[in-house]
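Notes follow once the structure below has been shown.
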Amino acid sequence: SVRVAGDVRQIVVYKRDVTEQHRRKEALERQNDLFDREQEIARVGDWEYEAMFFFFFKQKTAYEILGYPPDADPNPSTAVGYYHPEDQPRVRKALRDALQEGRPSDLEVRVAAGDEARWARIRGEPQWEDGEVVRIRGTIQDITERKQRERALREAKQEAEEASQLKSSLLANMSHE
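The sequence shown begins at 19 in my numbering and counts up one residue at a time.
Right, here's the structure in full:
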């Protein structure tokens, strides 16, 4: 309000309808919640590696896949240490290639944490700013069940081939007698 010599001459009122803004916020929260649930169901987590050597997992699923304690403070050396020793050089090379050359990566590697043998698919996509890679964003997915099915199929195929060879050998022997 504006006062002139003690009298109110004008009242200025600002009105802002925030209903639509509130609806958009709720819709975004629902989308984010749905996305988180989808990632949990698909056993996919996401991660980010800052070029200044900050490494963090954005979701508990990523920690679970690696067997990484959720309250831990990951850094590049310890995070890579959660992969099988034979696969660690490939993981390091993928990070190095992404940072130095801007090359995306898509690896299937074994996870070393825990007693059971587990597999993970890790994907990384470099993020650029001013012509430089400043971070790598990626996903990690538990693919253990798929790898187990593939192994069972390979073994079944090998058994079928061996049975076929044995059958052929028996038939050949029988025809000679």
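Each residue gets a CB set at the ideal place from its N, CA and C atoms; glycine is no exception.
Note that the structure is a prediction, hence the values are computed from the model and not measured.
Self-check item: Secondary structure of Y101, DSSP reduced to three states
Solution: Y101 falls in the strand class under three-state DSSP.
Self-check item: Whole-angstrom distance between E177 and L188, CA atom to CA atom
Solution: One C-alpha to the other measures close to 16 Å.
Quiz item: So does the region 93-107 actually touch the region 141-160, counting three or more Cβ pairs closer than 8 Å?
Solution: Judged by Cβ distances under 8 Å, the region 93-107 makes no contact with the region 141-160, as fewer than three pairs qualify.
Self-check item: R34 classed as buried or exposed, judged by whether at least 16 other C-beta atoms fall within 10 angstroms
Solution: Classification of R34: exposed, given that the 10 Å Cβ count is below 16.
Quiz item: Whose C-alpha, out of K111, V152, E82 and R121, is nearest the C-alpha of V136?
Solution: One detail in the question is off: residue 136 reads as Arg in this sequence, not Val. Shortest Cα-Cα distance from R136 to any of K111, V152, E82 and R121 involves E82.
Quiz item: In whole angstroms, what is the alpha-carbon distance linking V62 and L84?
Solution: Taken atom to atom, the span from the alpha-carbon of V62 to that of L84 is near 11 Å.
Quiz item: DSSP three-state call for P87: helix, strand or coil?
Solution: In this structure, P87 counts as coil in the three-state DSSP scheme.
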